[in-house]
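Chemist: Letter by letter, the sequence shown follows residues 21 to 652 of our numbering.
Every residue gets a Cβ at the ideal spot worked out from N, C-alpha and C, and that includes glycine.
Below is the structure I would like to discuss, written out as structure tokens.
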Amino acid sequence: MIRYGWAISLLVCLGTVFGLGAAQLWATTGLPAGNAAQPASVAYATTPVLPASLPALPVVEAGGTHTCVINGVGQLSCWGLPSDQPTDLGLVTQVSAGSAHTCALTKTGEVRCWGWDADGQASVPGELGIVTQVSAGGLHTCALVKTGEVRCWGNNDDGQTTVPPDLSSVTQVSAGWGHTCALMSSGVIRCWGANDDGQTIAPGGYERFTQVSAGWYHTCAVTTTGEVRCWGANDDGQTTVPRTLGRFTQVNAGWYHTCALTSGGLVLCWGQNTHAQTTVPSEVGRATQLSAGWGHTCVLTVNGAVRCWGYNAYGQAHVPADIGDAVQVSTGWGHTCALSGTGVAHCWGENIAAQTTVPRDLGPVTAMTTGWFHTCAIPDSGHLRCWGDNKDDQTTIPPDLGTVTQVSAGSEHTCGLTSSGDVRCWGYNWEGQATVPRDLGLVIQISAGGYHTCAVTSNGTLRCWGSNTDWRDQPLGQATVPADLGMITQVSAGSYHTCALADEGLVRCWGNNVDWEGKLAGQATVPPDLGPATQISAGGLHSCALTSDGAVRCWGSDDHGQVDVPADLAPATQISAGHGHTCALLEGGTLRCWGDNRSGQTRIPRDPLKVRLYLPTVYGFSGSPAAASASR
Numbered sequence: 021m022i023r024y025g026w027a028i029s030l031l032v033c034l035g036t037v038f039g040l041g042a043a044q045l046w047a048t049t050g051l052p053a054g055n056a057a058q059p060a061s062v063a064y065a066t067t068p069v070l071p072a073s074l075p076a077l078p079v080v081e082a083g084g085t086h087t088c089v090i091n092g093v094g095q096l097s098c099w100g101l102p103s104d105q106p107t108d109l110g111l112v113t114q115v116s117a118g119s120a121h122t123c124a125l126t127k128t129g130e131v132r133c134w135g136w137d138a139d140g141q142a143s144v145p146g147e148l149g150i151v152t153q154v155s156a157g158g159l160h161t162c163a164l165v166k167t168g169e170v171r172c173w174g175n176n177d178d179g180q181t182t183v184p185p186d187l188s189s190v191t192q193v194s195a196g197w198g199h200t201c202a203l204m205s206s207g208v209i210r211c212w213g214a215n216d217d218g219q220t221i222a223p224g225g226y227e228r229f230t231q232v233s234a235g236w237y238h239t240c241a242v243t244t245t246g247e248v249r250c251w252g253a254n255d256d257g258q259t260t261v262p263r264t265l266g267r268f269t270q271v272n273a274g275w276y277h278t279c280a281l282t283s284g285g286l287v288l289c290w291g292q293n294t295h296a297q298t299t300v301p302s303e304v305g306r307a308t309q310l311s312a313g314w315g316h317t318c319v320l321t322v323n324g325a326v327r328c329w330g331y332n333a334y335g336q337a338h339v340p341a342d343i344g345d346a347v348q349v350s351t352g353w354g355h356t357c358a359l360s361g362t363g364v365a366h367c368w369g370e371n372i373a374a375q376t377t378v379p380r381d382l383g384p385v386t387a388m389t390t391g392w393f394h395t396c397a398i399p400d401s402g403h404l405r406c407w408g409d410n411k412d413d414q415t416t417i418p419p420d421l422g423t424v425t426q427v428s429a430g431s432e433h434t435c436g437l438t439s440s441g442d443v444r445c446w447g448y449n450w451e452g453q454a455t456v457p458r459d460l461g462l463v464i465q466i467s468a469g470g471y472h473t474c475a476v477t478s479n480g481t482l483r484c485w486g487s488n489t490d491w492r493d494q495p496l497g498q499a500t501v502p503a504d505l506g507m508i509t510q511v512s513a514g515s516y517h518t519c520a521l522a523d524e525g526l527v528r529c530w531g532n533n534v535d536w537e538g539k540l541a542g543q544a545t546v547p548p549d550l551g552p553a554t555q556i557s558a559g560g561l562h563s564c565a566l567t568s569d570g571a572v573r574c575w576g577s578d579d580h581g582q583v584d585v586p587a588d589l590a591p592a593t594q595i596s597a598g599h600g601h602t603c604a605l606l607e608g609g610t611l612r613c614w615g616d617n618r619s620g621q622t623r624i625p626r627d628p629l630k631v632r633l634y635l636p637t638v639y640g641f642s643g644s645p646a647a648a649s650a651s652r
């Protein structure tokens with residue numbers, strides 16, 4: 021449809037597809053006893069039941085391509101794209117996830133916003149004052165100040181930030197994609213901004229409301245009698261409210277779908293179901309709160325868990341789980357995977373090809389590897405499992421492979437080392453990277469790179485095959501083993517360069533040494549003061565080494581901070597250089613990652629509801645401090 025043309029152009033410029041997911045305040049919290057039948061006729065209350073200024077914590081909030089949760093003590097956790105909150109944010113009382121920006125309300129009533137700010141939607145006005153509620157929409161943001169006044173900022177192409185001058189006594193505000201709605205103390209809803217489909221024309225008459233939610237091109241609200249009313253675009257049935265017995269307590273309008281919560285905790289969703297965002301998983305059970313994003317939906321269950329489903333290209337519907345102590349880490353193009361000490365596989369970051377969606381029946385694994393857009397793991401049985409992008413059959417395991425002891429995922433091909441010491445490769449083979457030399461012999465280690473593959477034989481020699489040029493067909497020699505290399509103990513094939521570790525701990529690198537624009541990056545130039553190393557990892561345009569004393573050294577392109585090793589990094593036991601990010605496994609099993617985080621690939625998964633910080637120091641009667649920490 022023509023009306024979407026400008027929006028699609030904007031999304032392409034942003035480099036991602038994102039939409040509205042602004043879960044707002046709801047009328048009641050918790051689960052009222054009973055499940056009263058819905059009345060046949062609608063009556064209105066002369067004194068509307070108004071929403072509380074803020075819901076009780078914890079809360080979940082689904083945005084465009086990210087999700088946020090505030091736990092029971094006010095700590096914020098966000099995942100997906102983009103989702104990095106300010107490090108000095110502190111405790112918050114409310115969060116609102118917009119299309120590509122996020123806003124939070126601190127305990128002192130201050131609004132903090134971050135993320136996409138091309139239209140000033142994340143630039144909070146300096147004179148805003150004390151705020152009681154904030155709502156992040158598509159390209160604009162609105163806040164309700166303590167005096168009941170509404171302030172909006174950001175994109176105003178459709179007048180969505182132009183607050184009506186006669187608006188007063190507002191108790192809730194909701195920012196949609198191009199329109200804004202406010203609920204007044206009288207229970208009347210006022211909307212302004214884009215009205216292509218009548219999304220700003222609220223029902224009139226005697227009906228009064230307790231909550232309002234502005235979506236992409238539609239609006240929904242809960243009446244004082246517990247019914248849901250929706251108006252605006254109905255292309256996918258997003259405003260066609262299903263009939264149900266019982267009262268609704270909350271409604272949330274997403275992009276092309278809508279979800280509502282009944283007083284009995286039942287979650288109902290309707291509208292577009294392209295990504296199964298309206299298909300509520302049967303095991304969700306009863307919920308206390310919900311939030312509809314662009315193409316995903318999240319709820320807080322009565323059992324105190326966060327559940328999300330639907331569109332998951334950036335991991336926004338994959339609720340993080342604590343890894344605990346890790347034993348291995350592997351970095352891909354825009355995702356990261358780690359193996360816990362109990363053999364559980366965890367993946368996070370970009371999920372455009374389902375590369376971070378670990379199969380539920382995978383079971384305990386012994387090793388993992390990440391390619392550009394696919395992932396592989398070796399279960400206890402030794403029979404390889406792969407998932408993610410498969411357009412070149414890189415995740416299609418050869419039926420006669422047998423058991424493997426090692427696996428390495430390249431850009432679009434995969435190689436496995438069988439129990440008998442043979443190398444098998446499959447997937448993209450345009451450059452011959454999956455064609456294993458017949459005279460290779462027994463192998464002790466393999467590494468699949470961008471478009472080449474390398475192997476260390478049982479006698480310590482290195483063999484490489486596949487592409488020997490760059491993306492411009494310029495000769496690089498990444499698959500040509502230096503004649504003076506000698507015996508090696510480990511090899512790492514990067515995108516277009518190769519690094520190897522000799523017996524004495526000497527690091528050698530060769531191949532591409534420039535960035536994508538042809539400027540010197542230095543990923544193949546080993547620092548002269550590096551000293552002996554115990555492990556090497558070649559990434560996209562950078563390389564990292566683990567020195568004999570446990571220190572991590574990185575060199576090459578630093579366009580995302582991937583070679584800036586944290587100054588406080590403890591001794592490490594393993595490193596992994598991805599396309600634009602780096603991860604290290606520290607002594608004791610702790611993970612640290614840094615560099616490109618546009619898909620959340622450097623954010624270590626943690627239970628979003630678990631208390632992560634020490635609470636303020638508590639002094640006992642004896643006067644001695646006692647650090648109080650809490651957990652859920």
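Relative to the alpha-carbon of alanine 337, which residue among Gly100, Asn449, Arg267 and Gly146 has its alpha-carbon at the smallest distance?
Modeler: Taking only the C-alpha atoms, the option nearest alanine 337 is Gly100.
Chemist: Please give the ranges of any beta strand (DSSP E) in the stretch 318-352, keeping only runs that are unbroken, at least 3 residues long and fully inside the region.
Modeler: You should have 326-330 and 346-351.
Chemist: Check whether the stretch 147-156 and the stretch 214-232 touch, using three or more Cβ-Cβ pairs below 8 Å as the test.
Modeler: With a cut-off of 8 Å, the stretch 214-232 and the stretch 147-156 do not count as touching, because too few Cβ pairs lie within range.
Chemist: Which class does cysteine 98 belong to by DSSP, given the choice of helix, strand or coil?
Modeler: Cysteine 98 falls in the strand class under three-state DSSP.
Chemist: Would you kindly report the start and end of the unbroken beta strand (DSSP E) that includes glutamate 81?
Modeler: Note, glutamate 81: beta strand (DSSP E), 79-82.
Chemist: Would the beta-carbon of leucine 605 fall within 9 Å of that of threonine 622?
Modeler: No, the pair does not count as a contact, with Cβ atoms beyond the cut-off.
Chemist: Tell me, please, whether the stretch 347-357 touches the stretch 611-618 by the rule of three or more beta-carbon pairs shorter than 8 Å.
Modeler: A contact exists between the stretch 347-357 and the stretch 611-618.
Chemist: Do cysteine 318 and threonine 87 count as a contact pair if the criterion is CB distance below 9 Å?
Modeler: It is a contact, given that the beta carbons lie within the stated cut-off.
Chemist: Given this structure, state the Cα-to-Cα distance separating glutamine 375 from cysteine 367, to the nearest angstrom.
Modeler: In a straight line, the C-alpha of glutamine 375 is about 8 Å away from that of cysteine 367.
Chemist: Could you give the first and the last residue of the continuous beta strand (DSSP E) run that contains methionine 204?
Modeler: Residues 199-204.
Chemist: Looking at the secondary structure, which residues open and close the beta strand (DSSP E) in which tryptophan 236 lies?
Modeler: Unbroken run through tryptophan 236: none, as it is neither H nor E.
Chemist: Would you decide whether glutamine 494 is buried or exposed? Buried here means 16 or more other CB atoms lie within 10 Å of its CB.
Modeler: Exposed is the call here.
Chemist: Going by beta carbon distance, what residues of the same chain come within less than 6 Å of valine 456, once the five residues before and after it are set aside?
Modeler: Result list for valine 456: Val443 and Cys445, in chain order.
Chemist: To the nearest angstrom, how far is the alpha carbon of tryptophan 491 from that of glutamate 130?
Modeler: Tryptophan 491 and glutamate 130: Cα-Cα distance of roughly 49 Å.
Chemist: What are the boundary residues of the beta strand (DSSP E) that threonine 278 is part of?
Modeler: Here the beta strand (DSSP E) through threonine 278 covers 277-282.
Chemist: To the nearest angstrom, how far is the alpha carbon of glycine 179 from that of threonine 200?
Modeler: Using only the alpha carbons, I get a separation of about 9 Å.
Chemist: Below 8 Å on the Cβ atoms is my contact criterion, and I expect threonine 518 with valine 511 to pass it. Report the Cβ-Cβ distance as a whole number of Å.
Modeler: Rounded, the Cβ-Cβ distance is 7 Å, consistent with contact.
Chemist: Considering only C-alpha positions, which residue in the set Arg249, Gly207, Ala195 and Gly168 is nearest to serine 188?
Modeler: Out of Arg249, Gly207, Ala195 and Gly168, Gly168 has the C-alpha closest to the C-alpha of serine 188.
Chemist: DSSP beta-bridge partners for tryptophan 407?
Modeler: Paired residues: Thr395.
Chemist: For leucine 109, collect the residues of the same chain with a Cβ closer than 8 Å to its Cβ; drop the 5 residues on either side in sequence, then sort them by chain order.
Modeler: Excluding sequence neighbours, leucine 109 sits near Leu96, Ala124, Thr126 and Arg132.
Chemist: Between Gly274, Gly598 and Thr282, which has its C-alpha nearest asparagine 293's C-alpha?
Modeler: It is Gly274.
Chemist: For serine 360, which residues in the same chain have their Cβ closer than 8 Å to its Cβ, ignoring the five residues on either side in sequence?
Modeler: Closer than 8 Å at the Cβ level, and outside the excluded window around serine 360, lie Ile343, Gly344, Asp345, Ala346, Val347 and His366.
Chemist: Do you know how far the Cα of glycine 140 is from the Cα of valine 79?
Modeler: Taking the straight line joining both Cα atoms gives about 26 Å.
Chemist: Once the 5 residues before and after arginine 632 are set aside, which same chain residues still bring their CB inside 7 Å of it?
Modeler: Only Gln95 and Arg626 meet the Cβ criterion.
Chemist: Counting C-beta neighbours from all protein chains within 10 Å, is the total for alanine 42 16 or more, i.e. buried, or is it exposed?
Modeler: Here the model assigns alanine 42 a pLDDT of 36, short of 50, so the residue's position is not dependable and the matter cannot be decided.
Chemist: Taking the continuous beta strand (DSSP E) assigned at valine 115, which residues delimit it?
Modeler: Unbroken beta strand (DSSP E) run through valine 115: 112-117.
Chemist: Report back the beta-carbon spacing between serine 155 and serine 116 to the nearest angstrom; my notes put them in contact at under 8 Å.
Modeler: Confirmed, about 5 Å.
Chemist: With H, G and I counted as helix, E and B as strand and the rest as coil, what does DSSP make of serine 302?
Modeler: Correct three-state label for serine 302: helix.
Chemist: Could you spell out where the beta strand (DSSP E) holding asparagine 272 opens and where it closes?
Modeler: Looking at the DSSP string, the run of the beta strand (DSSP E) that includes asparagine 272 is 268-273.
Chemist: Which residues in the same chain have their Cβ closer than 7 Å to the Cβ of valine 213, if we skip the five residues on either side of it in sequence?
Modeler: As written in the sequence, residue 213 is glycine, which differs from the valine given in the question. Closer than 7 Å at the Cβ level, and outside the excluded window around glycine 213, lie Asp178, Gly179, Gln180, Gly198, His199, Thr200 and Thr220.
Chemist: Report the rounded CA-to-CA distance for glutamine 453 versus histidine 277, giving the unit in angstroms.
Modeler: When rounded, the distance between both Cα atoms is 45 Å.
Chemist: Can you list, in chain order, the residues of its chain with a C-beta nearer than 6 Å to that of glycine 486? Leave out the 5 residues immediately preceding and following it.
Modeler: So the list reads Glu451, Gly452, Gln453, Tyr471, His472, Thr473 and Ala499, once near-sequence residues are dropped.
Chemist: Can you find at least 3 beta carbon pairs, one from the stretch 324-340 and one from the stretch 293-302, that sit closer than 8 Å?
Modeler: Yes, the stretch 324-340 is in contact with the stretch 293-302.
Chemist: Can you give me the start and stop residues for the beta strand (DSSP E) that tryptophan 134 sits inside?
Modeler: First-last of the beta strand (DSSP E) with tryptophan 134: 131-135.
Chemist: Below 8 Å on the Cβ atoms is my guess for alanine 558 versus glycine 514; work out the distance and round it to an integer in Å.
Modeler: Their Cβ separation, rounded to whole angstroms, is 3 Å, which keeps alanine 558 and glycine 514 in contact under 8 Å.
Chemist: Compare the C-alpha of proline 548 against each of His562, Thr351, Gly266 and Arg573 and name the closest.
Modeler: That would be Arg573, whose Cα lies nearest to the Cα of proline 548.
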